[in-house]
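Top line first, the protein sequences correspond to chains A and B.
Residue 225 in this note's numbering is what sits at position 21 of the first sequence, and the numbering runs on without skipping anything.
Residue 61 in this note's numbering is what sits at position 59 of the second sequence, and the numbering runs on without skipping anything.
Glycine included, C-beta positions come from ideal geometry on N, C-alpha and C.
All of these numbers come straight from a predicted model, not from anything done at the bench.
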Amino acid sequence: GAGVSQSPRYKVAKRGQDVALRCDPISGHVSLFWYQQALGQGPEFLTYFQNEAQLDKSGLPSDRFFAERPEGSVSTLKIQRTQQEDSAVYLCASSLVGNGGAYEQYFGPGTRLTVT
Amino acid sequence: AQSVTQPDIHITVSEGASLELRCNYSYGATPYLFWYVQSPGQGLQLLLKYFSGDTLVQGIKGFEAEFKRSQSSFNLRKPSVHWSDAAEYFCAVGIYSGNTPLVFGKGTRLSVIA
């Protein structure tokens, strides 16, 4: 089966533009995570879904960031009025297990966003 | 809150030499511990994980890691490095119960020379 896929792989946006980043998790995976990875840094948590419910959005850096997963499968991370500090790689990960139990997260290739 | 420290930003080893990448974590309860590898332009690939049981865990590509609770460490080792191992390595910690976000270290970049 296919792994986690993300599109687009690269996105260049002018400051002030809105962008939408898509994540297709592994089929049947319950949980979906978004992380932001700045250049030379480790990934940092943004938000987490279990099925269609957004259970934790504490890592979203501002109210310009919005994520959804309306049918419990594909997820979209939207950034409004992009700023230069939003330039980063956005990673999506999915995992099979819901609450409780051992789990591992499978990562997609990421979307590299450059804001000019 | 959990935290992960990878003290070495960049390590260079000769092909065929042994490797140890250090990872220290801070978490009050039993952690889930992971090592991921990231090649340029690629996503994160899981090398190995520790949930419970034997503190020496084996992973893919000949890697192993040892969980030492007394030292709050989870160091990654490989007896003989190959040129293809050159990449960025990330240690991560998750909470024991529940499916929760991972906390990553800043990574160690591994260079391999002939």
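{"Check": "Is any beta-carbon of chain A found at less than 7 Å from that of P103 of chain B?", "Outcome": "yes"}
{"Check": "Could you work out which residues of chain B lie near L295 of chain A, taking near to mean beta carbons separated by less than 8 Å?", "Outcome": "G45, L46"}
{"Check": "From this set, A:F237, A:F253, A:Y252, which residue's C-alpha is nearest G312 of chain A's C-alpha?", "Outcome": "A:F237"}
{"Check": "Is S119 of chain B helix, strand or coil by DSSP?", "Outcome": "The shown model of chain B, from 3 to 116, leaves out residue 119 of chain B, and the question about it has no answer."}
{"Check": "In whole angstroms, give me the CA-to-CA distance for F249 of chain A and S262 of chain A.", "Outcome": "8 Å"}
{"Check": "Which residues mark the beginning and the end of the beta strand (DSSP E) in which T320 of chain A is found?", "Outcome": "Element bounds for T320 of chain A: n/a, residue is neither H nor E."}
{"Check": "Compare the C-beta of P212 of chain A against all C-beta atoms of chain B and say whether one is closer than 7 Å.", "Outcome": "no"}
{"Check": "Beta-carbon of K51 of chain B versus every beta-carbon of chain A: anything under 7 Å?", "Outcome": "yes"}
{"Check": "For the ligand NAD, any of its heavy atoms closer than 6 Å to the Cβ of K70 of chain B?", "Outcome": "The model on display carries no ligand, and the ligand NAD is accordingly not part of it."}
{"Check": "Under a three-way DSSP split, which group does G96 of chain B fall into?", "Outcome": "strand"}
{"Check": "Using the Cβ count rule (16 or more neighbours within 10 Å means buried), how would you classify L50 of chain B?", "Outcome": "buried"}
{"Check": "In terms of alpha-carbon separation, which member of B:Q8, B:V15, B:D10 lies closest to W85 of chain B?", "Outcome": "B:V15"}
{"Check": "Under the three-state reduction of DSSP, which class applies to K80 of chain B: helix, strand or coil?", "Outcome": "strand"}
{"Check": "When you compare each of B:I11, B:A94, B:F106 to F53 of chain B by their alpha carbons, which one comes out closest?", "Outcome": "B:A94"}
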